[in-house]
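Asker: Quick one: the structure is below, and I'll ask about it shortly.
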């Protein structure tokens, strides 16, 4: 069973609107959570990283939140643009040195004019 | 900026062929990784390497092998390609503790006919 679950699987929004993506995880012990953006046909690129003690992190119009008690994170996109059309992947790292990451299946966001 | 390059963006091979996918990174990272990405499944780790000539199996190593003769180069080998190996293959480097950030290449879309 995947230790990182994302919802929704996909969504369509109009340009200029906001949206929120969800990530629930069971990875333990927790080290950090990262949101990646993956454009079609490209490799993922890191947007934000949050450790246990952080509950919010922004990168431009992207704001990520983390509730380590409930093991939930969200990524909020404000005033969406056509360039936000991509897959957004939640990635959780364990507090260990085995290099392995746990990946969500991703949420595909389509922004329409 | 970290740069991870992959030898091909698109490959089409026939069942039974030997396939080489090459990855090069320019940031002197010790760790390198090969993943495959399939719709709805997220990224799955095939193999990783933590030093030259050192490798470890990931979650789905069957049907694959790897080679790391130089620090900057990590190759994925499909000894006898099969149709169920049609996928997007992503190489990454980095993963240093504690943040474990991995930097991804652009991916190779492999189709096995």
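Chains as they are written, first to last, in this note's numbering: chain V, 1 to 113; chain W, 1 to 113. Virtual Cβ for every residue (Gly too), placed ideally from N, Cα, C.
In three-state DSSP terms, what is residue 20/V?
Answerer: strand
Asker: Answer with yes or no whether the minimum CB distance from residue 43/V to chain W is below 7 Å.
Answerer: yes
Asker: Give a yes or no on whether the C-beta atoms belonging to residue 49/V and residue 61/V are separated by under 7 Å.
Answerer: no
Asker: Residue 42/W and residue 52/V - do their beta-carbons sit closer together than 7 Å?
Answerer: no
Asker: Would residue 105/W pass as an interface residue toward chain V - the criterion being a Cβ-Cβ separation below 7 Å?
Answerer: yes
Asker: Roughly how many angstroms lie between the CA atoms of residue 109/V and residue 11/V, to the nearest whole one?
Answerer: 5 Å
Asker: Out of 17/V, 29/V and 36/V, which has the shortest C-alpha to C-alpha gap to residue 71/V?
Answerer: The residue with the shortest Cα to Cα distance from residue 71/V is 29/V.
Asker: Quick one: what's got a C-beta closer than 6 Å to residue 115/W's C-beta in the same chain, skipping five residues either side?
Answerer: A query on residue 115/W cannot be resolved here, the shown segment of chain W reaching from 1 to 113 and no further.
Asker: Does chain V have any CB closer than 7 Å to the CB of residue 116/W?
Answerer: Outside the shown range of chain W, which is 1 to 113, sits residue 116/W, and nothing can be said about it.
Asker: Considering only residues of the same chain and omitting the five flanking positions on each side of residue 32/W, which have a CB-CB separation below 8 Å?
Answerer: 23, 25, 48, 49, 68, 74, 91, 92 and 93
Asker: Shortest alpha-carbon distance to residue 26/V belongs to which of 63/V, 73/V, 112/V and 82/V?
Answerer: 73/V
Asker: Does the beta carbon of residue 68/V come closer than 7 Å to any beta carbon on chain W?
Answerer: no
Asker: For a minimum of 3 consecutive residues, which ranges assigned as the beta strand (DSSP E) are wholly contained in the segment 2 to 54 of chain V?
Answerer: Listed in chain order, they are 4 to 7, 10 to 14, 19 to 25, 30 to 38 and 45 to 51.
Asker: Assign residue 20/W to one of two classes, buried (16 or more other C-beta atoms within 10 Å of its C-beta) or exposed (fewer than that).
Answerer: Counting C-beta atoms within 10 angstroms of its own C-beta, residue 20/W has fewer than 16 neighbours from the protein chains shown and is therefore classed as exposed.
Asker: Tell me whether residue 41/W sits in a helix, a strand or coil according to DSSP, three-state version.
Answerer: coil
Asker: Could you run through the segment 49 to 62 of chain V and flag, in chain order, every residue whose CB is less than 9 Å away from some CB of chain W?
Answerer: 49 and 51
Asker: Beta-carbon of residue 11/W versus every beta-carbon of chain V: anything under 7 Å?
Answerer: No, residue 11/W does not count as interfacial toward chain V.
Asker: Just reading off the beta strand (DSSP E) that residue 52/W is part of, what are its end residues?
Answerer: No beta strand (DSSP E) holds residue 52/W; DSSP gives it neither H nor E.
Asker: On the CB-based measure, 16 or more other CB atoms within 10 Å of its CB, does residue 2/V come out buried or exposed?
Answerer: exposed
Asker: Checking contacts by CB at 7 Å: is residue 94/W closer than that to chain V?
Answerer: no
Asker: Does residue 30/V have its Cβ less than 7 Å from a Cβ in chain W?
Answerer: No - not a single Cβ of chain W is within 7 Å of the one on residue 30/V.
Asker: Is residue 88/V close to chain W, meaning its C-beta is less than 7 Å from at least one C-beta of that chain?
Answerer: Residue 88/V does not count as touching chain W.
Asker: Taking residue 76/W as the reference, which of 61/W, 83/W and 82/W has the closest Cα?
Answerer: 61/W
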